[in-house]
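Structure first, then comments.
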Amino acid sequence: MNPHGQSFIAGERIAGTGSAFQVVSPLDRSTLPGVFLTADESQVDAALQAAALAHPVFAATEGSKRAAFLEAIADEIMALGDVLIERAQLESGLPRPRLEGERGRTVGQLRLFAQMAAGNSWMDARIDPADPSRQPLPKPDLRRLLVPIGPVVVFGASNFPLAFSVAGGDTASALATGNPVVVKAHEAHPGTSELVAEAIVSAAKKVGLPAGVFSMVHGSGKVLGPWLAKHPATKAIGFTGSEIAGRALFDLAASRPDPIPVFAEMGSLNPVVLLSGAIASRGAAIGTALAQSITLGAGQFCTKPGLFFATEGEGLNAFREALTSTIAGIVPSTMLHPGIADHYNAKCSSIQAHDSAKVLATTTTAADPNATQGQPLVLEISAAQFIADDTFRHEVFGPFAILVVSSNETERDTALSKLGGQLTATIYGDEAELSSSQPLVAKLGSIAGRVIFNGVPTGVEVFHAMQHGGPYPASTDSRYTSVGTAALLRFVRPVSYQNAPQDLLPPALQDSNPLGIVRLINGQPSSAPLS
Ligand code: NAP
Numbered sequence: 000m001n002p003h004g005q006s007f008i009a010g011e012r013i014a015g016t017g018s019a020f021q022v023v024s025p026l027d028r029s030t031l032p033g034v035f036l037t038a039d040e041s042q043v044d045a046a047l048q049a050a051a052l053a054h055p056v057f058a059a060t061e062g063s064k065r066a067a068f069l070e071a072i073a074d075e076i077m078a079l080g081d082v083l084i085e086r087a088q089l090e091s092g093l094p095r096p097r098l099e100g101e102r103g104r105t106v107g108q109l110r111l112f113a114q115m116a117a118g119n120s121w122m123d124a125r126i127d128p129a130d131p132s133r134q135p136l137p138k139p140d141l142r143r144l145l146v147p148i149g150p151v152v153v154f155g156a157s158n159f160p161l162a163f164s165v166a167g168g169d170t171a172s173a174l175a176t177g178n179p180v181v182v183k184a185h186e187a188h189p190g191t192s193e194l195v196a197e198a199i200v201s202a203a204k205k206v207g208l209p210a211g212v213f214s215m216v217h218g219s220g221k222v223l224g225p226w227l228a229k230h231p232a233t234k235a236i237g238f239t240g241s242e243i244a245g246r247a248l249f250d251l252a253a254s255r256p257d258p259i260p261v262f263a264e265m266g267s268l269n270p271v272v273l274l275s276g277a278i279a280s281r282g283a284a285i286g287t288a289l290a291q292s293i294t295l296g297a298g299q300f301c302t303k304p305g306l307f308f309a310t311e312g313e314g315l316n317a318f319r320e321a322l323t324s325t326i327a328g329i330v331p332s333t334m335l336h337p338g339i340a341d342h343y344n345a346k347c348s349s350i351q352a353h354d355s356a357k358v359l360a361t362t363t364t365a366a367d368p369n370a371t372q373g374q375p376l377v378l379e380i381s382a383a384q385f386i387a388d389d390t391f392r393h394e395v396f397g398p399f400a401i402l403v404v405s406s407n408e409t410e411r412d413t414a415l416s417k418l419g420g421q422l423t424a425t426i427y428g429d430e431a432e433l434s435s436s437q438p439l440v441a442k443l444g445s446i447a448g449r450v451i452f453n454g455v456p457t458g459v460e461v462f463h464a465m466q467h468g469g470p471y472p473a474s475t476d477s478r479y480t481s482v483g484t485a486a487l488l489r490f491v492r493p494v495s496y497q498n499a500p501q502d503l504l505p506p507a508l509q510d511s512n513p514l515g516i517v518r519l520i521n522g523q524p525s526s527a528p529l530s
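Under numbering that gives the first Met the number 0, the first residue of the sequence shown is numbered 0, with each subsequent residue one higher.
As structure tokens, this is what we get:
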């Protein structure tokens with residue numbers, strides 16, 4: 000691939016007039032082909048103006064047309080073939096099978112959201128018919144549905160160059176519900192972003208949509224972030240990445256004269272609670288499973304388990320030994336970019352230097368800095384130390400975890416009470432101890448978006464019942480998910496029509512129910528027309 004390095008503004012390739020940058024491959028620190036030109040403020044403005052212009056047209060398209068658009072994007076991405084996988088590999092250092100799997104997830108997600116767009120059920124249509132005879136006052140006719148919110152700005156993460164990037168979940172959910180999208184390409188994988196953006200632009204042309212329905216701009220988040228977040232045409236932001244960047248965007252959006260919603264999915268510690276029965280009966284197996292989970296993909300998953308809470312007792316040594324020996328045999332792998340690896344290594348050094356932390360596990364093979372590798376590391380501390388010092392309560396993005404050992408369950412629960420919001424919380428327990436763990440399960444449910452029993456938290460399925468998001472700082476709005484079909488609900492807002500004439504109502508609310516959807520009539524689901 001020889002990238003052109005340009006942004007896409009309303010269907011056209013435009014050379015940015017800001018500074019130029021190149022990408023260094025994490026695999027060998029070589030400079031990759033392609034000079035990327037960053038967009039300036041007037042080009043960001045042009046992308047958002049075009050999005051605002053496209054919005055009313057795109058919002059009014061039939062669900063079947065938006066579905067065809069999403070399907071066409073999926074087809075175009077697949078048609079890119081090896082070029083896409085090879086460039087993503089060079090830019091991210093991720094292995095080929097992982098990227099092929101991620102591409103499958105990305106197109107699968109687009110096709111699932113296409114079904115949602117075609118089915119129109121996300122509109123959540125509700126009708127309370129009029130009752131002119133109601134006393135003391137007649138009841139009006141009220142009809143409510145969800146409508147697209149308007150242009151959405153998307154910032155993707157570096158650790159999923161396909162599934163959480165240009166055509167990732169945020170873009171797919173915004174487009175499925177009729178919102179134009181402007182993506183800020185991640186600086187770690189601009190070539191991959193360019194290929195995927197081209198696929199989206201081509202799909203929009205094939206389906207016959209207005210050009211402003213999609214744009215992608217190159218540039219640094221710190222520079223373009225404020226222009227994108229504060230632009231009057233921007234109506235919502237979808238973000239995946241670090242807490243620091245997500246919070247910066249949230250604050251920018253809140254400081255606008257007209258604050259807008261920011262759906263930022265950020266980092267997480269993903270605590271794992273190890274109940275004593277499970278540790279006594281299968282400590283070694285759990286230790287092996289967790290060692291594999293924290294080192295999977297060099298630990299660069301937002302759901303990587305980062306904290307293990309155990310009480311001293313039978314089986315804990317078997318757990319420690321299995322964790323230690325499994326990690327010892329792992330060969331360090333390349334991290335996403337030199338910045339992430341440097342950050343990881345610096346964080347490991349500073350936390351390891353802490354008096355109270357002792358090294359429980361690391362690899363026997365040293366990390367190779369020329370291949371941007373991070374060395375897996377597991378520390379052990381006491382629950383008293385965890386309670387006393389918040390050093391141990393921050394995400395370390397990479398193959399790192401801490402075992403926190405309590406002398407009893409009360410101390411463990413005090414340690415757990417120090418945790419903020421999480422994407423996931425996991426509990427390993429045997430049947431009998433789980434059945435008496437209702438308060439613990441309730442506690443985990445109160446801090447996390449997803450509670451997992453007897454399994455690792457890495458792996459986030461794209462389904463209807465998935466929740467990927469949790470109380471702050473896991474995300475900026477715990478009511479929503481960024482994965483699964485419920486993600487569509489982030490980029491819509493409700494409108495009620497009172498006593499509206501039939502011909503002025505959107506089809507979803509008309510008596511004849513031309514869309515054939517299930518609606519809530521007087522509180523009861525029904526797909527029947529109103530007589
Ligand atoms: P990142 O550094 O926060 O980057 C994400 C995006 O935000 C990039 O486009 C970046 O631009 C932009 N950005 C950075 N600083 C900004 C600022 N001050 N204002 C506006 N935009 C800014 O995250 P990452 O390194 O790609 O991803 C790693 C992190 O993401 C980890 O903490 C991980 O846990 C988290 N993550 C969370 C989820 C989830 O679903 N919750 C999923 C994956 C990853 P540049 O291109 O200029 O860097």
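Ideal Cβ positions, reconstructed from N, Cα and C, are used throughout, including at glycine.
Proximity of the beta carbon of Glu101 to the ligand NAP is not indicated: no heavy atom of the ligand is located closer than 8 Å. A distance of 9 Å or more separates the beta carbons of His217 and Ser381. In the structure shown, Arg478 adopts coil according to DSSP, grouped into three states. Boundaries for Lys221: no beta strand (DSSP E) harbours it, while the alpha helix (DSSP H) harbouring it runs 220-229, taken from the DSSP string. Here the C-alpha atom of Leu529 lies approximately 56 Å from the C-alpha atom of Thr413. For Val146, there is no enclosing alpha helix (DSSP H); the enclosing beta strand (DSSP E) covers residues 141-147.
By the criterion of a C-beta distance shorter than 7 Å, Ala288 is surrounded in its chain by Val455, once the five residues flanking it on both sides are discounted. If you check the C-beta of Asn158 against the ligand NAP, you find a heavy atom less than 8 Å away. Around the C-beta of Arg492, fewer than 16 other C-beta atoms lie within 10 Å, and the residue is accordingly described as exposed. Taking one beta carbon from each stretch, the stretch 140-151 and the stretch 424-439 have fewer than 3 pairs nearer than 8 Å; the two do not touch. Along the stretch 37-80, the alpha helix (DSSP H) occurs as fully enclosed runs of 4 or more residues at 40-58, 62-78, listed in sequence order. Separation of the CB atoms of Val180 and Lys64 is rounded to 16 Å, and the pair is thereby denied contact status at 8 Å. When beta bridges are read from the DSSP output, Thr361 appears opposite Leu376. Here DSSP, grouped into helix, strand and coil, assigns Asp412 to helix. In this structure, the beta-carbon distance from Val34 to Leu194 does not fall below 9 Å.
Straight-line measurement puts the Cα of Leu31 at about 30 Å from the Cα of Glu394. Asp388 carries a coil assignment under DSSP once its states are collapsed to helix, strand and coil. Between the ligand NAP and Met0, a heavy atom-to-CB distance of less than 8 Å is absent. For the options Gly177, Gln421, Pro128, the alpha carbon positioned closest to that of Gly305 is the one of Gln421.
Looking at Cys301, Asp257, Ala253, Gly312, the one whose alpha-carbon comes closest to that of Arg281 is Gly312.
Excluding five sequence positions before and after Gly314, the CB atoms of its chain that fall closer than 6 Å to its own CB belong to Ile278, Ala279, Gly282, given in chain order. About 7 Å separates the Cβ atoms of Asp123 and Leu144, confirming a contact at the 8 Å cut-off. Annotation note: the stretch 309-369 contains the following uninterrupted beta strand (DSSP E) runs of length 3 or greater, listed N- to C-terminal: 357-361. Glu264 has Thr239, Ser474 as its beta-bridge partners, per DSSP.
For Ser292, the Cβ stays outside the 8 Å cut-off from all heavy atoms of the ligand NAP. Bounds of the beta strand (DSSP E) holding Gln497 are 491-497. DSSP places Gln21 in no beta strand (DSSP E); its state is neither H nor E. Here Ala210 is near Glu11, since their CB atoms are less than 9 Å apart.
Boundaries of the alpha helix (DSSP H) harbouring Arg281: 275-294, taken from the DSSP string. When distances are taken from the beta-carbon of Lys357 to the heavy atoms of the ligand NAP, even the shortest one reaches 8 Å or more.
Here Ser241 really is in contact with Met265; their C-beta atoms are around 6 Å apart, less than 8 Å.
Contact annotation: the stretch 461-481 touches the stretch 420-434, with at least three C-beta pairs closer than 8 Å.
When secondary structure is reduced to three states using DSSP, Ser526 falls in the coil class, being assigned neither helix nor strand. Going by C-alpha positions, Glu101 is about 28 Å away from Pro147. Annotated three-state conformation of Gln501 is helix, per DSSP. Val165 carries a coil assignment under DSSP once its states are collapsed to helix, strand and coil.
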